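Peer 1: Those letters in the sequence shown? Residues 26 to 434, per the numbering used here, in order.
So that we are looking at the same thing, I have put the structure below in C-alpha cells.
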Amino acid sequence: MKLHLSAPSNTILDSEIAITGSKSETNRLLLLQALFPNVRIENSSNSDDAEVMQKGLAISKGVVDIHHAGTAMRFLTSYFASQEGKEVLLTGSGRMKQRPIKVLVDALTGLGADIEYQENEGYPPLKIKGKKITESTVSLPADISSQYISSLCLVAPSLENGLIIDLVGKITSVPYIKMTLALLKELGVRTSFQGNQIKVHPQLEIEPLNLVVESDWSAASYYYSITALAALGSEIKLSSYKRNSLQGDSVLSEIYKDFGVDTDFAHNSIVLKKTRKHTPKPLHYDLSNAPDIAQTIAVTCFGLGMECRLTGLHTLPIKETDRLAAMKTELEKFGASVVIDHESLALQTTSQLNENVEVDTYNDHRMAMAFAPLALKIDLTVNDAGVVSKSYPDFWNHMKKVGFKVSHA
26 MKLHLSAPSN
36 TILDSEIAIT
46 GSKSETNRLL
56 LLQALFPNVR
66 IENSSNSDDA
76 EVMQKGLAIS
86 KGVVDIHHAG
96 TAMRFLTSYF
106 ASQEGKEVLL
116 TGSGRMKQRP
126 IKVLVDALTG
136 LGADIEYQEN
146 EGYPPLKIKG
156 KKITESTVSL
166 PADISSQYIS
176 SLCLVAPSLE
186 NGLIIDLVGK
196 ITSVPYIKMT
206 LALLKELGVR
216 TSFQGNQIKV
226 HPQLEIEPLN
236 LVVESDWSAA
246 SYYYSITALA
256 ALGSEIKLSS
266 YKRNSLQGDS
276 VLSEIYKDFG
286 VDTDFAHNSI
296 VLKKTRKHTP
306 KPLHYDLSNA
316 PDIAQTIAVT
326 CFGLGMECRL
336 TGLHTLPIKE
346 TDRLAAMKTE
356 LEKFGASVVI
366 DHESLALQTT
376 SQLNENVEVD
386 TYNDHRMAMA
396 FAPLALKIDL
406 TVNDAGVVSK
416 SYPDFWNHMK
426 KVGFKVSHA
C-alpha cells in the first residue's frame, strides 16, 4: 500500500485521539497471564505484535511463527524453554532470522534449557523443548537488548527457585527493565534491582487481578512531532496516559519542550500544546533509555531546520531494519546531511526540502510513522504504508482525524 500525504487545511490543529494500550506493557502482561491465568488485562494493544504474541502463547507443540515481532521472539524463547512438556519451532520473517538471539539462548541453556539453532548459529529459528528449570543464577551482557533481561525476569517467578540475574557491563534501556519489574510487583512478585544484579523470587500463584494497560507513549511521539511542526496555538489531546508512567518513552514530555511543545496531564489524558517557537540551538540527546523515539526526533529536527546529535542508539541496527542506515538514506532524499556511526546520528540543517519524495519503510513501522508528520512541511509519499499495523493499526485513520490528507498514491 502506497499513501500520499499532505498538510491539513487548517493551519492551527485541534483534535483528540484515543490510542490503545502500550505494545510493550501488553506483551509483558500476556506472558504473565499465560503463567498466572488469574490476571485479566484491559486496554490491550491492538497491534500485530500483540496478536502474534497471544497466538504464540496458545501453542504447545509445532511451529510458532512470530513474523517481524522481535519482542515476541525474545519473550517466547524464555517462555517455551521454561514450560515442561511444550515443544516448538520458534521462527519468524527473513529479517527475524538475521536478528541475533545468542545472548538470550546462552543464558537459558546455562540454566539448563534445551534449545537448538535450526539454521544459523546465534539466530532464529529455534527448536525448543520445554524443561523444568531449577538453576537460579545466570549472567549475561547488559548492553545489547534489555528485552533479553526482561524475558528472563518475566518467567522467573514461575521457576522453582526464582532467578538471580547478574548483568555484565553498562545496562541499556533501563526503563524497560524497570517496567517489567513494576508489572511483576503489581502481581505481588518480590523483586530487587541493585547495581548490576536483579533478583526475582518464585511465586507459585497470585490473587485474581485486573490490570489496565496505559496507552502507548511510542505512538504518542508522532503527535508530539506533529504539534512541534504545527502552527503556534495547535493542540492535540491523547488518551489514556498517566504522569508517572512505566514507559521510558514518556521522556517525550520533557524532550519536546525544546521544540516548543508543553504537556498538560489531566483526567488520564495528555494535551500537547504548541505554545512557543523551538529553541534555535543545536540539540544533543542521549537516547540509550528510549531508542524507539530517535527516528521521530530526527524527523522533527529536520522539519524545523534544527541541528541535532542523537546518541545511545547502539540497539537500532538490530531492529526491524538497520534504523540508523535507513534514517540516513531517507532523510538525505529530502536534502538532509546526515552522519551516522554504530551508535549515533548527527543531522545538519538545510534551507530547502526536496519535493516529490517517496519514503521507503524497510518493513519498519516506525519509519512510516516517524516521517508522516513531515507532510506538514511538504507533500510526501510513504511506500508500504500498511507496515504500521505492527504496532499501531489505526495510525492512518488517526492522521486523517488530525486533518491530514491521506490518499492512495
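The C-beta atom is built at its ideal place from N, Cα and C for all residues, glycine as well.
This structure is a prediction, so every number in the text was calculated from the model and none was measured.
Our contact map puts Pro435 next to Ile251 with C-beta atoms below 8 Å; I'd like the distance itself, whole angstroms only.
Peer 2: For residue 435 there is no data in the structure shown, the boundaries of the chain being 26 and 434.
Peer 1: Buried or exposed: Met331, going by 16 or more other Cβ atoms within 10 Å of its Cβ?
Peer 2: For the purposes of this step, residue 331 is taken as residue 306 along the sequence shown, with counting starting at 1. Buried, by the Cβ-count rule.
Peer 1: So His93 and Asn388 are supposed to be a Cβ contact under 8 Å. How far apart are they, rounded?
Peer 2: Looking up residue 93 in the sequence shown gives position 68. Looking up residue 388 in the sequence shown gives position 363. That pair is a contact at about 6 Å.
Peer 1: Could you tell me the alpha carbon to alpha carbon distance between Gly46 and Ser69, rounded to whole angstroms?
Peer 2: Taking the sequence shown and counting its residues from 1, the one referred to as residue 46 is at position 21. Taking the sequence shown and counting its residues from 1, the one referred to as residue 69 is at position 44. Going from the Cα of Gly46 to the Cα of Ser69 covers about 5 Å.
Peer 1: What ranges does the beta strand (DSSP E) occupy inside the region 62-137, keeping only unbroken runs of at least 3 residues that lie completely in it?
Peer 2: Taking only runs of at least 3 residues, the beta strand (DSSP E) segments lying wholly in the region 62-137 are 64-67, 86-90 and 112-116.
Peer 1: Between which two residues does the beta strand (DSSP E) holding Pro166 run?
Peer 2: Against the sequence shown, residue 166 aligns to sequence position 141. Taken as a continuous stretch (DSSP letters only), the beta strand (DSSP E) holding Pro166 covers Thr162 to Pro166.
Peer 1: Give the secondary structure of Asp290 by DSSP, where H, G and I count as helix, E and B as strand, and everything else as coil.
Peer 2: The count along the sequence shown starts at 1 and reaches residue 290 at position 265. Rather than Asp, the amino acid found at residue 290 in this sequence is Phe. It is a strand residue.
Peer 1: Using DSSP bridges, identify the partner residues of Ser240.
Peer 2: Within the sequence shown, residue 240 is the residue found at index 215, counting from 1. Ser240 is bridged to Gly46.
Peer 1: Alpha carbon to alpha carbon, how far is Ile189 from Ser217?
Peer 2: Here the question's residue 189 lines up with position 164 in the sequence shown. Here the question's residue 217 lines up with position 192 in the sequence shown. Using only the alpha carbons, I get a separation of about 10 Å.
Peer 1: Among residues of its own chain, excluding the 5 on either side of Phe100, which ones have a beta-carbon nearer than 8 Å to its beta-carbon?
Peer 2: Within the sequence shown, numbered from 1, the residue matching residue 100 stands at position 75. Taken in chain order, the residues that qualify are Asn52, Arg53, Leu56, Met78, Gln172, Ser175, Ser176 and Leu179.
Peer 1: Using the Cα positions of Thr159 and Leu206, report the straight-line distance between them to the nearest angstrom.
Peer 2: Here residue 159 refers to the residue found at position 134 when the sequence shown is read from its first residue. Here residue 206 refers to the residue found at position 181 when the sequence shown is read from its first residue. Using only the alpha carbons, I get a separation of about 21 Å.
Peer 1: Rounded to whole angstroms, what is the Cα-Cα separation between Ser294 and Asp409?
Peer 2: Working through the sequence shown from its first residue, we reach residue 294 at position 269. Working through the sequence shown from its first residue, we reach residue 409 at position 384. C-alpha separation (whole angstroms): 31 Å.
Peer 1: According to DSSP, what are the bridge partners of Ala351?
Peer 2: Locating residue 351 in the sequence shown gives position 326, where the first residue counts as 1. Note: Ala351 sits in no beta bridge, so no partner.
Peer 1: How many angstroms separate the CA atom of Ser107 from the CA atom of Lys154?
Peer 2: Position 82 of the sequence shown holds residue 107. Position 129 of the sequence shown holds residue 154. Cα-Cα distance, rounded: 9 Å.
Peer 1: Assess, as a yes-or-no matter, whether the region 189-198 is touched by the region 220-232 under the definition of 3 or more beta carbon pairs within less than 8 Å.
Peer 2: Enough Cβ pairs lie closer than 8 Å, so yes.
Peer 1: Residues in its own chain within less than 7 Å of Gly135 by CB, not counting five upstream and five downstream?
Peer 2: Locating residue 135 in the sequence shown gives position 110, where the first residue counts as 1. Here the set comprises Val163.
Peer 1: By a C-beta neighbour count over all protein chains shown, 10 Å radius and 16 as the cutoff for buried, is Thr36 buried or exposed?
Peer 2: The residue labelled residue 36 in the question sits at position 11 within the sequence shown. Exposed: under 16 other Cβ atoms inside 10 Å.
Peer 1: Using a threshold of 8 Å, state whether the C-beta atoms of Gly187 and Lys156 are closer than that.
Peer 2: Along the sequence shown, one-based indexing puts residue 187 at 162. Along the sequence shown, one-based indexing puts residue 156 at 131. Cβ atoms of Gly187 and Lys156: not closer than 8 Å.
Peer 1: Measuring only the C-alpha atoms, how far is Lys282 from Ser40?
Peer 2: For the purposes of this step, residue 282 is identified with residue 257 of the sequence shown, where counting begins at 1. For the purposes of this step, residue 40 is identified with residue 15 of the sequence shown, where counting begins at 1. Their backbone Cα atoms lie some 20 Å apart in a straight line.
Peer 1: Go through its chain and collect everything with a Cβ distance to Ser270's Cβ below 8 Å, but skip five positions before and after it.
Peer 2: By 1-based counting over the sequence shown, the position of residue 270 is 245. Only Glu239 and Trp242 meet the Cβ criterion.
Peer 1: Any idea what DSSP makes of Thr205, helix, strand or coil?
Peer 2: Within the sequence shown, the letter at position 180 stands for residue 205. DSSP places Thr205 in helix when its eight states are reduced to three.
Peer 1: Would you say Val363 and Ala371 are within 8 Å of each other, going by their C-beta atoms?
Peer 2: On the sequence shown, residue 363 is found 338 positions in, with the first residue counted as 1. On the sequence shown, residue 371 is found 346 positions in, with the first residue counted as 1. Yes. Within cutoff.
Peer 1: Is the beta carbon of Thr12 sitting closer than 8 Å to the one on Ala361?
Peer 2: With the chain covering only 26 through 434, there is no way to say anything about residue 12.
Peer 1: When you compare only the Cα positions, how much space is there between Lys27 and Ile280?
Peer 2: Position 2 of the sequence shown, counted from the first residue, corresponds to residue 27. Position 255 of the sequence shown, counted from the first residue, corresponds to residue 280. Computed Cα separation, rounded: 31 Å.
Peer 1: Whose C-beta lies closer than 6 Å to the C-beta of Ala315 among residues of the same chain, with five residues either side of it excluded?
Peer 2: Taking the sequence shown and counting its residues from 1, one reaches residue 315 at position 290. The residues are Gly273, Asp274 and Val276.
Peer 1: For Gly147, which residues in the same chain have their Cβ closer than 8 Å to its Cβ, ignoring the five residues on either side in sequence?
Peer 2: In the sequence shown, counting from the first residue as 1, residue 147 sits at position 122. So the qualifying residues of the chain are Pro125, Ile126, Lys127 and Val130.
Peer 1: Is it right to say Glu141 is buried, meaning 16 or more other beta carbons lie within 10 angstroms of its own, or is it exposed?
Peer 2: Start at 1 with the first residue of the sequence shown, and residue 141 comes out as number 116. The residue in question, Glu141, is exposed, as its Cβ has fewer than 16 Cβ neighbours within 10 Å.
Peer 1: Out of Lys210, Pro150 and Ile365, which one is the CA nearest neighbour of Arg348?
Peer 2: Position 323 of the sequence shown holds residue 348. Minimum Cα distance to Arg348 is reached at Ile365.
Peer 1: Which residue spans inside the region 259-325 form an unbroken beta strand (DSSP E) run of at least 3?
Peer 2: Correct list: 260-264, 286-291, 294-299 and 308-311.
Peer 1: What three-state label does DSSP hand His29 in the structure shown?
Peer 2: Here residue 29 refers to the residue found at position 4 when the sequence shown is read from its first residue. Residue state, collapsed to three classes: strand.
Peer 1: Shortest alpha-carbon distance to Gln143 belongs to which of Ser31, Ile169, Leu114 and Gln123?
Peer 2: Position 118 of the sequence shown holds residue 143. With distances taken between Cα atoms, Gln143 lies closest to Leu114.
Peer 1: Taking the Cβ atom as the reference point for each residue, do Ile214 and Pro166 lie within a distance shorter than 8 Å?
Peer 2: Within the sequence shown, the letter at position 189 stands for residue 214. Within the sequence shown, the letter at position 141 stands for residue 166. Contrary to the premise, residue 214 reads as Val rather than Ile in this sequence. The answer is no: Cβ separation not under 8 Å.
Peer 1: How about Ala255 and Lys299: are their beta carbons less than 8 Å apart?
Peer 2: As a first step, residue 255 is located in the sequence shown; it is residue number 230 there, counting from the start. As a first step, residue 299 is located in the sequence shown; it is residue number 274 there, counting from the start. In this structure, Lys299 lies closer than 8 Å to Ala255 by Cβ.
Peer 1: Tell me the rounded alpha-carbon separation between Ser278 and Cys326.
Peer 2: What you label residue 278 is simply residue 253 of the sequence shown in a count that begins at 1. What you label residue 326 is simply residue 301 of the sequence shown in a count that begins at 1. Rounded to whole angstroms, Ser278 to Cys326 spans 16 Å at the Cα level.
Peer 1: Taking only three categories from DSSP, how would you classify Lys402?
Peer 2: Locating residue 402 in the sequence shown gives position 377, where the first residue counts as 1. Note: Lys402 maps to coil in three-state DSSP.
Peer 1: Return the CA-CA distance between Gln320 and Ser103, expressed in angstroms with no decimal places.
Peer 2: Here the question's residue 320 lines up with position 295 in the sequence shown. Here the question's residue 103 lines up with position 78 in the sequence shown. Spanning the two alpha carbons is a distance of roughly 30 Å.
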